[in-house]
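Read through the structure below, which is laid out as structure tokens, and then see the notes.
Chains as they are written, first to last, in the working numbering: chain P, 17 to 134; chain H, 25 to 174.
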């Protein structure tokens, strides 16, 4: 069994998604469901905290790409934080740092959403 | 050193649930071979991507099919051969991904093949249409130092 968990919490005007475990072709649909739910609820400011994400394959990366456009069309964004070097390396191989803001710390990403409102 | 040992094989059902088992199988063999943590992570991901492609494209999620994975730990290279009997795959159709094209598309593809090529030293496809497909993934032992310099 692949161990993967998603925890969702709402901050001030920002939704935080915490990922834990292994994000692969088996578990990617769970992340799709989570993003779709946020879009349905019109929650477009999303921070994905990857602190406990042990592994990601292209199936997981594809989910970020599939949903970010819908979110950006609605003046929101998906910002990524707290990645391990191993997980960052996979994002980096596919050029994600050019398309996504990646922060060391969740709070920095939350503050960035706040800056945009000013 | 574990070089020169004979092949190790595993058959798995063609289901995404099997990917965790595949990763564990590769992790164990690559670790025993003496690769660095970075190389082990690269090999695991490349094999995961190859198996994911078979599950999705060759077998199109038919859960009653099987994938065979054989590892050949050679003196200078660690080779993984992955076999299936599904639809043949023509890698020449895969272009390097343009991420901007992928944005917003619910249908994804090509990222896995690109990653496999970046993560391994050699990726080869051999197939006999209607019979058997083979993907060969090769990592050279000495490459761990070359990779670190990239």
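Where a beta carbon is used, it is the ideal one built from N, C-alpha and C, also for glycine.
Computed from a predicted structure; not experimentally measured.
Opposing strand residues paired with residue i [DSSP bridges]
i	result
residue 37 (chain P)	P:20, P:69
residue 163 (chain H)	H:102
residue 31 (chain P)	P:26, P:62
residue 69 (chain H)	Residue 69 (chain H) is not bridged to any residue.
residue 150 (chain H)	H:158
residue 93 (chain P)	P:61
residue 107 (chain H)	H:92, H:158
residue 33 (chain H)	H:94
Residue i at chain P interface by Cβ criterion, 8 Å
i	result
residue 136 (chain H)	yes
residue 34 (chain H)	no
Chain H within 8 Å of residue i, Cβ atoms only
i	result
residue 4 (chain P)	The displayed coordinates of chain P run from 17 to 134. Any statement about residue 4 (chain P) would go beyond what the structure contains.
residue 106 (chain P)	yes
residue 93 (chain P)	no
residue 127 (chain P)	no
residue 21 (chain P)	no
residue 96 (chain P)	no
residue 109 (chain P)	yes
residue 102 (chain P)	yes
Beta-carbon separation (whole angstroms), residue i vs residue j, contact threshold 8 Å
i	j	result
residue 64 (chain P)	residue 94 (chain P)	6 Å
residue 135 (chain H)	residue 110 (chain P)	6 Å
residue 107 (chain P)	residue 113 (chain P)	7 Å
residue 92 (chain P)	residue 62 (chain P)	7 Å
residue 44 (chain P)	residue 24 (chain P)	Going by Cβ atoms, the distance from residue 44 (chain P) to residue 24 (chain P) rounds to 17 Å, so no, they are not a contact pair.
residue 83 (chain H)	residue 108 (chain H)	7 Å
residue 31 (chain H)	residue 95 (chain H)	6 Å
Cβ of residue i within 8 Å of any chain A Cβ
i	result
residue 108 (chain P)	In summary, chain A is missing from the structure at hand, where the protein chains are P and H.
Which residues, in order along the segment 36-67 of chain H, keep a beta-carbon less than 9 Å from a beta-carbon of chain P? Contacts with chain P (Cβ-Cβ distance below 9 Å) from the segment 36-67 of chain H involve 39, 40, 41, 42, 43, 44, 47, 61, 62, 65, 66, listed in chain order.
Listed in chain order, which residues of the segment 40-68 of chain P have Cβ atoms closer than 7 Å to some Cβ of chain H? 40, 41, 42
Between the segment 67-90 of chain P and chain H, which residues of the former have CB atoms less than 8 Å from a CB of the latter, in chain order? 71, 73, 74, 75, 77, 78, 81, 82, 84, 85, 86
Relative to chain P, which residues along the segment 70-100 of chain H have a C-beta separation below 8 Å, given in chain order? For the segment 70-100 of chain H, which is checked against every Cβ of chain P, the residues closer than 8 Å are 72, 73, 76, 79, 80.
At a Cβ cut of 7 Å, what residues of the segment 139-155 of chain H count as close to chain P, listed as they run along the chain? 139, 142
Which ranges does the alpha helix (DSSP H) cover as unbroken runs of at least 4 residues, wholly within the segment 72-132 of chain P, from first to last along the chain? If one requires a minimum length of 4 residues, the alpha helix (DSSP H) runs lying completely within the segment 72-132 of chain P are 74-89, 101-109, 112-115, in chain order.
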